[in-house]
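Visitor: No gaps in the numbering here: position 113 of the sequence shown is 126 in the working numbering, and each next residue is one more. Glycine included, each C-beta is placed from N, C-alpha and C at the ideal position. Quick one: structure below, then a few questions.
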Amino acid sequence: MVCTGLGRIKRGFESYILDLAAMLQESTPPIQFQVLAGKKIEQVSFQQEAIPHIHRHHSIWRWLRLHANTAFAREQDFFFLGMIPQLFKNKAALYYLGEYRLYCHLYRFRKWFGLQYRLCLYTGGQAIPGLFDNRYDYVHHITQVYYQQALKNGIPENKQRILPHVVNHEFEQDATLIESIQKKAKGKKIILSVGTIDTKVKRMHLIPAMLQGMEDDFFVVICGNRTKETPEIEKQLIAVFGEQGYLLVQVDRKLLGSYYVAADAFVLCSPKESFGMALVEAMYHQLPILVHDFEEAHYVTQENATYINMDSIEQVQHWIKENWYHQKLEKSAAAQSFAMDSYSRSALANKYTRMFQNMLQ
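In structure tokens, the structure reads:
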């Protein structure tokens, strides 16, 4: 399993690989695997190797004034070079990865040197392989969204797998932290959102806009990594909720459970997600969910969310006033059961084991 950012970056894909590795480590029958990461991961017992490379946040890219996307591309280039000894050492391995540029490097290198290792591209990065060899390669979809397009691109049905994310539900709950969050809310309903604090991917700036005029009933908590857009989002939060009317924090994933427990509802404003692990986490904690209307969200949450076009702030405000504003919000045990039955280790462990076994035959 290959993940260039693992050990340095905390995004959905990195969390997914950690959860997947932990699950496969306990699989029966056992699958021999290794995680190729960007940096050694502490406090894990599975086999791993840190691949030498120049990572995306290295000072050299800032010195060269490269855009973040270009720096990420260069990271994949150098990570590939660092992988070359592995490619000759493990000639029959299956390389499971989600970064398409790196996938293309591995595909071409195999062809140039006549190697026979296998590739499996995880399409959670919203990329369908244009380079594909029916003898060696597979595609793993976490939703059905890209399946038909992959068929049209010539990827056979027997080379595609649809299997959703495994989501680790082992959250810690700190009673003191939960009480502190609720105390800061001063009796208001707590609206939680989780993700990068930006305006394009997670669109956190929409939250103060959609709750404007209802600040007497809602307290906003946003958990996520800061970006260069975060200060402007914070200004908008202050303008609507005041200095003490919101929380904007970056927390370790394990501690995130306390924020879910403290919350009364969950909001996701992303225009599109590959999957949306935070949606599963919100369902696990029984929260009412309001999400932008996109296909993957329907697949992940089904009837356990309300879908609305968040490009229309007026429409969102109207819905919130009709359904959440000065109304009691009920938690859903059915949503929690759905999350456990669909995305937990116990539900997916055997399916993932069989998937990798079939690919290695």
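Put V15 into one of helix, strand or coil per three-state DSSP.
Guide: Here the question's residue 15 lines up with position 2 in the sequence shown. In the structure shown, V15 sits in a strand (DSSP, three-state: E or B).
Visitor: On the CB-based measure, 16 or more other CB atoms within 10 Å of its CB, does T41 come out buried or exposed?
Guide: Along the sequence shown, read from residue 1 onward, the residue named residue 41 stands at position 28. Burial call: exposed.
Visitor: Judging by CA-CA distance, which residue of I141, Y273 and W125 is the nearest neighbour of L190?
Guide: As a first step, residue 190 must be located in the sequence shown, where it is residue number 177. It is Y273 whose Cα lies nearest to the Cα of L190.
Visitor: Using 8 Å as the cut-off, can you tell me whether the segment 25–45 makes contact with the segment 77–96, which would need three or more C-beta pairs spanning the two stretches below that distance?
Guide: As far as the Cβ criterion goes, the segment 25–45 does not touch the segment 77–96, which means the pair count is below three.
Visitor: Throw me the rounded Cβ distance for the F232 and G258 pair, which I believe falls under 8 Å.
Guide: Counting from 1 along the sequence shown, the entry for residue 232 is found at position 219. Counting from 1 along the sequence shown, the entry for residue 258 is found at position 245. So it is a contact: roughly 6 Å between Cβ atoms.
Visitor: Give me the Cα-Cα distance between H305 and H71, rounded to the nearest whole angstrom.
Guide: As a first step, residue 305 must be located in the sequence shown, where it is residue number 292. As a first step, residue 71 must be located in the sequence shown, where it is residue number 58. Each residue's alpha carbon lies about 35 Å from the other.
Visitor: With distances taken Cα to Cα, identify the nearest neighbour of K197 among A276, M217 and I175.
Guide: To locate residue 197, count along the sequence shown from 1; it is residue 184. That would be A276, whose Cα lies nearest to the Cα of K197.
Visitor: Work out the CA separation of I97 and V48 for me, nearest whole Å.
Guide: In the sequence shown, counting from the first residue as 1, residue 48 sits at position 35. In the sequence shown, counting from the first residue as 1, residue 97 sits at position 84. The straight-line gap from Cα to Cα measures roughly 15 Å.
Visitor: Less than 8 Å between the C-beta atoms of I302 and A318, yes or no?
Guide: Within the sequence shown, numbered from 1, the residue matching residue 302 stands at position 289. Within the sequence shown, numbered from 1, the residue matching residue 318 stands at position 305. Yes, the Cβ-Cβ distance between I302 and A318 is below 8 Å.
Visitor: So for V214, helix, strand or coil by DSSP?
Guide: Taking the first residue of the sequence shown as position 1, residue 214 is located at position 201. In this structure, V214 counts as coil in the three-state DSSP scheme.
Visitor: Would you report the Cα separation of G167 and N371, rounded to the nearest angstrom?
Guide: Here the question's residue 167 lines up with position 154 in the sequence shown. Here the question's residue 371 lines up with position 358 in the sequence shown. Their Cα atoms are separated by approximately 20 Å.
Visitor: Going along the chain, which residues of its own chain have a beta-carbon closer than 6 Å to the beta-carbon of P221, five neighbours each way excluded?
Guide: Taking the first residue of the sequence shown as 1, we reach residue 221 at position 208. The answer, listed in chain order, is Q249, L250 and V253.
Visitor: Under three-state DSSP, which class holds K68?
Guide: In the sequence shown, residue 68 corresponds to position 55, counting from 1. Looking at the sequence provided, one finds His at residue 68 rather than Lys. Correct three-state label for H68: coil.
Visitor: What did DSSP end up calling L115 once you bin it into helix, strand or coil?
Guide: Position 102 of the sequence shown, counting from 1, holds the residue named residue 115. Of the three classes helix, strand and coil, the one that applies to L115 here is helix, per DSSP.
Visitor: Looking only at DSSP bridge pairs, what is F279 linked to?
Guide: Here residue 279 refers to the residue found at position 266 of the sequence shown. Answer is L205 and I302, bridged to F279.
Visitor: So F122 and L100 are in contact, right, with Cβ under 8 Å, and what is the actual spacing, rounded?
Guide: Taking the first residue of the sequence shown as 1, we reach residue 122 at position 109. Taking the first residue of the sequence shown as 1, we reach residue 100 at position 87. Correct: roughly 6 Å between the Cβ atoms.
Visitor: Taking Cβ to Cβ, would you say F59 is nearer than 8 Å to Q38?
Guide: Position 46 of the sequence shown, counting from 1, holds the residue named residue 59. Position 25 of the sequence shown, counting from 1, holds the residue named residue 38. Yes; because the gap between Cβ atoms is below 8 Å, this pair is in contact.
Visitor: Over the uninterrupted beta strand (DSSP E) stretch that includes L219, give me the two end residues.
Guide: Position 206 of the sequence shown holds residue 219. Not the beta strand (DSSP E): L219 falls in the alpha helix (DSSP H), residues L219 to M223.
Visitor: With a threshold of 6 Å on Cβ separation, who are the neighbours of H118 within its own chain once the five nearest residues in sequence on each side are excluded?
Guide: Counted from its first residue, the sequence shown places residue 118 at position 105. Around H118: F93.
Visitor: Taking the beta carbon of G127 as the centre, do at least 16 other beta carbons fall within 10 Å, making it buried, or is it exposed?
Guide: Against the sequence shown, residue 127 aligns to sequence position 114. The residue is exposed, with fewer than 16 neighbouring Cβ atoms inside 10 Å.
Visitor: Whole angstroms are fine: how far does the CA of I204 sit from the CA of Q225?
Guide: Numbered from its first residue, the sequence shown carries residue 225 at position 212. Numbered from its first residue, the sequence shown carries residue 204 at position 191. Cα to Cα, Q225 sits roughly 13 Å from I204.
Visitor: What runs of the alpha helix (DSSP H), each 4 residues or longer, lie entirely inside the segment 85–169?
Guide: 113–126 and 160–165, all fully within the segment 85–169.
Visitor: Using a Cβ-Cβ cut-off of 8 Å (strictly less than) and excluding sequence neighbours within five positions of K364, which residues of its own chain qualify?
Guide: In the sequence shown, counting from the first residue as 1, residue 364 sits at position 351. Excluding sequence neighbours, K364 sits near L176.
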